[in-house]
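Here the numbering used here is used: the first residue of the sequence shown is 15, the next is one more, and so on. Positions of the beta carbon are idealized from the N, C-alpha and C atoms, including for glycine. In what follows, a structure is listed as structure tokens, so that the remarks can point back to it.
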Amino acid sequence: MRKSTVAEYEARVREAIRFVLERLDQPPSPAEVADKAGFSRHHFGRVFSGAVGESIAEFVRRLRLERAAHRLEHTDQSVSEIALDAGYDSLEAFSRAFRSAYLMAPTDYRRSPSRHELRAHSQVHWWPDGRRSAAALTITQETTMEATIKTIEPMRCIALRHTGPYHLIGSKFGALFEWAGPAGVPVETVLGVFHDDPGSVPAGELRSDACIAVPPGYTLPDDTPVGVTMLEIAGGDYAVATHMGSYEGLSDAWARFAGQAVPATGREPAPSASFEVYVNDCTKVPLEEVRTDLYMPLAPVGAEV
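Printed below as a string of structure tokens:
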């Protein structure tokens, strides 16, 4: 692990945390936090969640609930006012979120308060005087995931767009293969391409493509279904790591990849799409042997991101 690079990443993530804590009443957007901490906007959400253990939205939501719990105990501010300050438009929504976090209604908490800190891997909590322990960031911890740097040539792919949560892309692969097999498409590699940062873009607006890599010069037949297009994945340097096991673990794998493994390469992510390659057929090997390779593009050495 390159200590100087990891230390730099750690310092920038801590700057992001400080910035968010200062702006709880008007939370900054993920893009603003990325700019403040000097990260690429395109991948910052994954870097933050990988290092801190929460997305920026989850981090803000928890800290505001902790502040609300403290105010319920130590002030006579109305529950409705506290709910608004916590970012909730209705008392019902606030009560539901508070009950989920503290296992009691806000009015019950006011009568019988407990510790306001909610469980958090980062150990960063809200306090009225700002006191807190140093953040426990996973970026500095050892991980079983290691990334290497690989230079790839551009890849031409047949693609079918999916818009929505990334984990629901499976139906698009089903539709793509249902057409590709009978159409005689020469399948070289199967991959998923992810265009947006899930920490910055609402889940319903995330763009991804179910893809089949094809040989150079391949063109789509005249009877290609609507929605199936050609897509080129840029060549260049990529950080690459491997996830073994169920596809259900890919979200956590991407967080560890972006928050720990990529910083250890000493390189900065580039503002372009990431992708994952499905190395073997999940229907033909045991679950623990399912292999997915994660690829994150890297900026040229010394380039600003």
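Mind checking whether residue i and residue j have CB atoms under 9 Å apart?
i	j	result
alanine 284	glycine 249	no
cysteine 171	glutamate 87	no
aspartate 99	alanine 82	yes
tyrosine 180	phenylalanine 208	yes
alanine 45	arginine 55	yes
tryptophan 268	serine 286	no
threonine 256	aspartate 295	no
serine 341	aspartate 210	Here the chain has residues from 15 to 319 only, and residue 341 is not among them.
Sort the options by Cα distance to residue i and report the nearest one.
i	options	result
glutamate 36	Ala287, Asp143, Tyr23, Pro196	Asp143
glutamate 290	Gly280, Ala278, Val304	Val304
valine 74	Thr165, Thr306, Tyr309, Arg32	Arg32
glutamate 202	Val215, Pro230, Ala149, His57	Pro230
alanine 149	Asp295, Ala65, Val199, Ile70	Ala65
valine 199	Pro235, Glu167, Gln40, Met169	Pro235
alanine 275	Ala161, Ser126, Pro42, Thr89	Ala161
What residues are listed by DSSP as bridge partners for residue i?
i	result
phenylalanine 208	Ser222, Ser288
arginine 305	Met258
alanine 173	Cys225, Thr243
aspartate 251	Thr165
threonine 203	Ala227
methionine 310	Ala253
proline 283	Leu312
To the nearest angstrom, report how far apart residue i and residue j are at their CA atoms.
i	j	result
arginine 133	glycine 195	49 Å
serine 104	arginine 110	10 Å
tyrosine 292	methionine 159	17 Å
glycine 184	glutamate 68	25 Å
glycine 101	isoleucine 163	42 Å
tyrosine 123	alanine 272	38 Å
serine 136	phenylalanine 58	17 Å
glutamate 24	leucine 151	8 Å
leucine 301	glycine 263	11 Å
alanine 189	proline 168	25 Å
valine 20	alanine 278	6 Å
Can you round the beta-carbon distance between residue i and residue j to whole angstroms, since I take them to be within the 8 Å contact cut?
i	j	result
alanine 224	leucine 174	5 Å
valine 242	tryptophan 193	7 Å
glycine 178	leucine 220	6 Å
Using a Cβ-Cβ distance cut-off of 9 Å, determine whether residue i contacts chain D.
i	result
isoleucine 166	Absent here is chain D; the protein component of the structure consists of one chain.
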